[in-house]
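>
Chains as they are written, first to last, in my numbering: chain H, 1 to 155; chain U, 156 to 310.
#1: Please specify which runs of the alpha helix (DSSP H), each continuous and at least 4 residues long, are wholly inside the region 14–102 of chain H, giving them in chain order.
#2: Report the rounded CA-to-CA distance for residue 258 of chain U versus residue 236 of chain U, giving the unit in angstroms.
#3: Taking just the CA atoms, how far does residue 138 of chain H sit from residue 35 of chain H?
#4: Three or more C-beta pairs under 8 Å: does that hold for the region 46–53 of chain H against the region 252–269 of chain U?
#5: Thinking residue 24 of chain H and residue 14 of chain H are a contact (beta carbons under 8 Å), I'd like their distance in whole angstroms, please.
#6: Name the DSSP bridge partner or partners of residue 133 of chain H?
#7: Under a CB-based cut-off of 7 Å, is residue 269 of chain U close to chain H?
#8: Closest Cβ-Cβ distance between residue 190 of chain U and chain H: below 7 Å?
#9: Between the alpha carbons of residue 32 of chain H and residue 282 of chain U, how many angstroms are there, rounded?
#10: Is it true that the CB of residue 18 of chain H sits closer than 7 Å to the CB of residue 300 of chain U?
#11: Mapping the DSSP letters down to three states, classify residue 150 of chain H as helix, strand or coil.
#12: According to the Cβ coordinates, are residue 310 of chain U and residue 162 of chain U closer than 7 Å?
#13: For a test of the three-state rule: what should DSSP assign to residue 6 of chain H, helix, strand or coil?
#14: Whole angstroms is fine: what's the gap from residue 26 of chain H's alpha carbon to residue 296 of chain U's?
#15: Assuming the contact rule is C-beta atoms closer than 8 Å, residue 159 of chain U and residue 134 of chain H should be a hit. Round their C-beta distance to whole Å, please.
#16: How many Å lie between residue 322 of chain U and residue 213 of chain U at the Cα?
#17: Between the region 282–297 of chain U and chain H, which residues of the former have a C-beta closer than 8 Å to a C-beta of the latter?
#18: Residue 323 of chain U versus chain H: which residues are under 7 Å apart at the beta carbon?
#19: Can you tell me which of the three DSSP states residue 156 of chain U falls into?
#20: With 7 Å set as the bound, which would you pick, yes or no: does the beta-carbon of residue 82 of chain H sit closer than that to a beta-carbon of chain U?
#21: How is residue 264 of chain U classed by DSSP in three states: helix, strand or coil?
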């Protein structure tokens, strides 16, 4: 499939999602033009705020490939990924991101993507969401244990 | 439980996680000092790059409360949340974030948190990860459908 065909599939999923009671977002993960996974937003259907189309598609693709590493794959998103999905795409090591609508378009229909992008760029002390450092010295030990572990699986 | 006790529990989970083959991260979600959910990182164990401690804890709490909205709850993270988890915390509407280690500490032991924070602050055209807008006019329709839908569940 061409990249336009793959994006059309992601867009079709976003439209079907609205009809089925989900949010207006779809995503497709492909490798060499072949679909590995596809998903739509299921936040309200699954009572799961992390169930964005991109996260759902990543989980499905990883399950299909039995790997947490999607190097060599690309993601087609009907909308620019929010910060959560953006992070998930990096952790999954997807090669490239294609998207249709923008974060500004999403903000216009009531989604917080643009607000979260602005918050994330601020220093923690300046954010609307209150953040507080607690017991940093105690927290350090797990990192030392990780550093010293010889048989760890890095990711 | 006090906030120090809740953070100690998150830290304990991060240490147990290293012993059990997961990443060195733990998280606890609490409401009025009572634990709603707790989790550790299971990326490599579950073959799921989104299975960070915070995301796992959010999914568990939502399942326990049968809701995608965790307003009134707080999250205790053994490390500063990465951009993915930061976004998930906003979407879950958690009231407040407590954390121990910082993104710089995580970078020192080989995790990409700080890199992703720097990437997310850039314009898409300047990022290392390639992003491309594709078929924005076609993508628009799902957003129009969402706007016009009278029985939608907003989130």
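For every residue, glycine included, the Cβ atom is placed at its ideal position computed from N, Cα and C. Please read these numbers as outputs of a predicted model, since none were measured by experiment.
Result, derived from the coordinates:
#1: 43–46, 53–65 and 83–91
#2: The sequence position of residue 258 of chain U within the second chain is 103, counting from 1. The sequence position of residue 236 of chain U within the second chain is 81, counting from 1. Near 8 Å, if we compare the C-alpha coordinates of residue 236 of chain U and residue 258 of chain U.
#3: Locating residue 35 of chain H in the first chain gives position 35, where the first residue counts as 1. Locating residue 138 of chain H in the first chain gives position 138, where the first residue counts as 1. Distance between the alpha carbons of residue 35 of chain H and residue 138 of chain H: 45 Å.
#4: no
#5: Taking the first chain and counting its residues from 1, one reaches residue 24 of chain H at position 24. Taking the first chain and counting its residues from 1, one reaches residue 14 of chain H at position 14. Between residue 14 of chain H and residue 24 of chain H the Cβ distance is about 5 Å, and since that is below 8 Å, they are a contact.
#6: Reading the first chain from its first residue, position 133 is the one you call residue 133 of chain H. Note: residue 133 of chain H sits in a beta bridge opposite U/254.
#7: Along the second chain, one-based indexing puts residue 269 of chain U at 114. Closer than 7 Å: no.
#8: Position 35 of the second chain holds residue 190 of chain U. Cβ-Cβ to chain H under 7 Å: no for residue 190 of chain U.
#9: Position 32 of the first chain, counted from the start, is the residue given in the question as residue 32 of chain H. Position 127 of the second chain, counted from the start, is the residue given in the question as residue 282 of chain U. Going from the Cα of residue 32 of chain H to the Cα of residue 282 of chain U covers about 23 Å.
#10: Taking the second chain and counting its residues from 1, the one referred to as residue 300 of chain U is at position 145. Taking the first chain and counting its residues from 1, the one referred to as residue 18 of chain H is at position 18. Cβ atoms of residue 300 of chain U and residue 18 of chain H: closer than 7 Å.
#11: For the purposes of this step, residue 150 of chain H is identified with residue 150 of the first chain, where counting begins at 1. Reduced to three states, the DSSP call for residue 150 of chain H is coil.
#12: On the second chain, position 155 is the one that residue 310 of chain U refers to. On the second chain, position 7 is the one that residue 162 of chain U refers to. No, the pair does not count as a contact, with Cβ atoms beyond the cut-off.
#13: Start at 1 with the first residue of the first chain, and residue 6 of chain H comes out as number 6. Here residue 6 of chain H sits in helix by DSSP.
#14: As a working note, residue 26 of chain H is residue 26 in the first chain. As a working note, residue 296 of chain U is residue 141 in the second chain. Taking the straight line joining both Cα atoms gives about 12 Å.
#15: The sequence position of residue 159 of chain U within the second chain is 4, counting from 1. The sequence position of residue 134 of chain H within the first chain is 134, counting from 1. Between the beta-carbon of residue 159 of chain U and that of residue 134 of chain H there is about 7 Å, and that keeps the pair under the 8 Å contact cut.
#16: Residue coverage of chain U in this structure runs from 156 to 310, which leaves residue 322 of chain U outside it and unanswerable.
#17: Residues 284, 285, 286, 287, 288, 289, 290, 291, 293, 294, 295, 296 and 297.
#18: The requested residue 323 of chain U does not occur in the structure, where chain U is confined to residues 156 to 310.
#19: Position 1 of the second chain, counted from the first residue, corresponds to residue 156 of chain U. In this structure, residue 156 of chain U counts as coil in the three-state DSSP scheme.
#20: To locate residue 82 of chain H, count along the first chain from 1; it is residue 82. It does: the Cβ of residue 82 of chain H has a partner Cβ on chain U nearer than 7 Å.
#21: On the second chain, residue 264 of chain U is found 109 positions in, with the first residue counted as 1. Three-state DSSP puts residue 264 of chain U in coil, outside helix and strand.
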